[in-house]
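Okay, so here's the structure we're looking at.
Residue numbers (this note's numbering): 1 to 452.
Take a look at the structure:
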């Protein structure tokens with residue numbers, strides 16, 4: 001295909017990957033240089049940036065109406081400190097973030113702007129999941145796969161998976177009127193259609209992000225067996241790795257971190273990352289197929305030293321639901337539904353002048369999130385991640401064993417999810433919404449305001 005016109009942070013798609021360190025604050029100035037007379041017709045040159053999964057003050061969170069136009073700029077301050085545990089409970093270090101991402105979050109136009117290219121990774125490191133990775137001499141370091149060589153991070157690879165449509169001339173196409181959720185027919189990983197990656201016979205850490213507007217993925221390794229280790233979901237490491245996971249399901253905005261040990265394959269082996277989950281519209285994913293769509297080809301070739309490891313213990317949860325629930329007194333229910341021809345929460349469209357919940361800062365609440373009518377909604381809550389308590393009254397899924405920031409409701413026969421929502425440190429307004437971005441743009445969003 002010929003080149004397509006995209007929008008990117010610093011002209012890159014995906015945008016530059018931030019490598020943040022806990023305890024070292026980050027100040028980022030975003031300058032809006034988007035064209036005001038763009039002929040492609042996808043997106044609007046109005047923007048605001050949300051660091052998805054990040055713990056930051058409301059003025060730096062990317063509230064959807066805090067937009068700035070072409071020729072303007074805005075500074076965002078990221079404190080790079082873990083969210084404190086609520087109710088004054090100890091051990092905040094368990095809440096260190098891992099894989100975050102940043103993207104456009106402008107009211108009503110997030111879908112086309114993100115689709116056009118406005119998204120990138122923000123990775124966070126601390127003493128345990130450390131910047132030096134496998135070469136860190138600190139006895140507290142996990143020494144997971146990954147190391148720095150100059151400005152390049154090796155063996156630790158973030159990959160965003162998206163779906164796109166192109167016309168016969170190779171130009172990017174987007175249906176502005178598809179309010180159910182836009183689906184593409186070509187799959188791109190880090191901006192390339194079905195690429196390949198040459199890998200050595202050693203362990204690699206992959207950080208998969210579903211960056212699609214509405215599509216779900218179920219990832220398998222063809223010719224490769226199960227994923228050796230699944231170590232994290234969304235922005236938090238698991239207490240212990242999941243071993244030999246056959247597949248990984250990712251809804252829009254969800255992340256999963258895996259370690260694949262290519263030393264178990266002979267040189268010249270080709271291992272295919274594929275999606276076996278069919279989906280025909282934005283309503284929900286359909287059924288599994290035996291042979292999926294290839295997304296990425298790994299070509300195994302060459303031996304190399306591998307000092308990395310995946311310990312039996314990653315990041316223990318010392319303060320979890322068992323310790324927090326005795327203090328909880330508030331319960332709320334939010335019903336994500338189709339009504340009045342569009343998308344609502346509790347029968348209402350988003351209204352910036354209405355506060356839907358007023359939790360007290362440094363407390364937690366039990367939220368019941370519902371979805372009916374056969375629709376699937378990946379629900380994202382800003383400010384702080386949460387614990388999943390149950391699905392339809394049963395135990396959470398394996399990839400929900402640590403804190404998450406996005407939860408799929410309505411998928412795979414789940415009509416009701418209970419979560420332990422937490423509201424640490426900051427007062428002010430934050431939003432929560434469906435991350436099927438077309439649903440979000442149709443105002444399937446609400447806000448809570450933390451009270452002193």
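Each residue gets a CB set at the ideal place from its N, CA and C atoms; glycine is no exception.
- Among the bridge pairs identified by DSSP, residue 288 is matched with 277.
- Bounds of any beta strand (DSSP E) do not take in residue 439; it lies within the alpha helix (DSSP H) bounded by 437-441.
- Between residue 430 and residue 377, the CB-CB gap reaches or exceeds 8 Å.
- By the neighbour-count criterion, in which 16 or more other beta carbons inside 10 Å mark a residue as buried, residue 268 falls on the exposed side.
- Residue 272 is classed as buried because its beta carbon has at least 16 other beta carbons within 10 Å across all chains shown.
- In this chain, the alpha helix (DSSP H) harbouring residue 110 covers 110-116.
- Between the alpha carbons of residue 307 and residue 142 lies a gap of roughly 11 Å.
- Contiguous beta strand (DSSP E) elements confined to the stretch 181-223 occur at 186-189, 196-201, 203-210 and 217-222, taking only those with 3 or more residues.
- Pairing residue 253 with residue 105 gives a Cβ-Cβ distance that is not under 8 Å.
- Nearest C-alpha to residue 96 among 297, 370, 71 and 233: 233.
- Between the alpha carbons of residue 130 and residue 169 lies a distance of about 45 Å.
- Below 8 Å, too few C-beta pairs join the stretch 224-242 and the stretch 175-193 to call them touching: fewer than three.
- Partner residues in the beta bridge of residue 344, as assigned by DSSP, are 337.
- A straight-line Cα-Cα distance of about 8 Å links residue 266 and residue 201.
- Rounded to whole angstroms, residue 449 and residue 52 show a C-alpha spacing of 18 Å.
- Beta-carbon to beta-carbon, residue 206 and residue 249 are separated by about 16 Å, too far to satisfy the 8 Å threshold.
- The straight-line gap separating the alpha-carbon atoms of residue 340 and residue 117 is approximately 31 Å.
- In the structure shown, residue 158 falls within a strand segment according to DSSP collapsed to helix, strand and coil.
- Beta-bridge partners assigned by DSSP to residue 15: 120.
- Secondary structure of residue 432 (DSSP, three-state): strand.
- DSSP places residue 245 inside the beta strand (DSSP E), whose first and last residues are 236-245.
- Residue 251 holds the alpha-carbon nearest to the alpha-carbon of residue 277 among 251, 21, 297 and 84.
- Contact annotation: residue 214 and residue 438 have beta-carbon atoms nearer than 8 Å.
- Counted as a single uninterrupted DSSP element, the beta strand (DSSP E) harbouring residue 378 occupies residues 377-381.
- Between residue 410 and residue 246, the CB-CB gap reaches or exceeds 8 Å.
- For residue 447, the enclosing beta strand (DSSP E) stretches over residues 445-450.
- By the criterion of a C-beta distance shorter than 6 Å, residue 18 is surrounded in its chain by 122, once the five residues flanking it on both sides are discounted.
- The C-alpha of residue 256 lies about 10 Å from the C-alpha of residue 219.
- Looking at 384, 387, 333 and 344, the one whose alpha-carbon comes closest to that of residue 367 is 333.
- In this model, residue 62 and residue 173 are separated by some 27 Å (Cα to Cα).
- For residue 422, the CB contacts under 7 Å within the same chain, skipping 5 residues up- and downstream, are 86, 364, 384 and 386 in chain order.
- Secondary structure at residue 95: helix, using DSSP grouped into helix, strand and coil.
- Here the alpha carbon of residue 136 sits roughly 34 Å from the alpha carbon of residue 322.
- Shown here for residue 343: same chain residues with a beta carbon closer than 6 Å to its own, the five before and five after excluded, namely 439, 442 and 444 in chain order.
- At the C-beta level, residue 259 and residue 204 come within 8 Å of one another.
- In the three-state DSSP reduction, residue 283 falls in the coil class, being neither helix nor strand.
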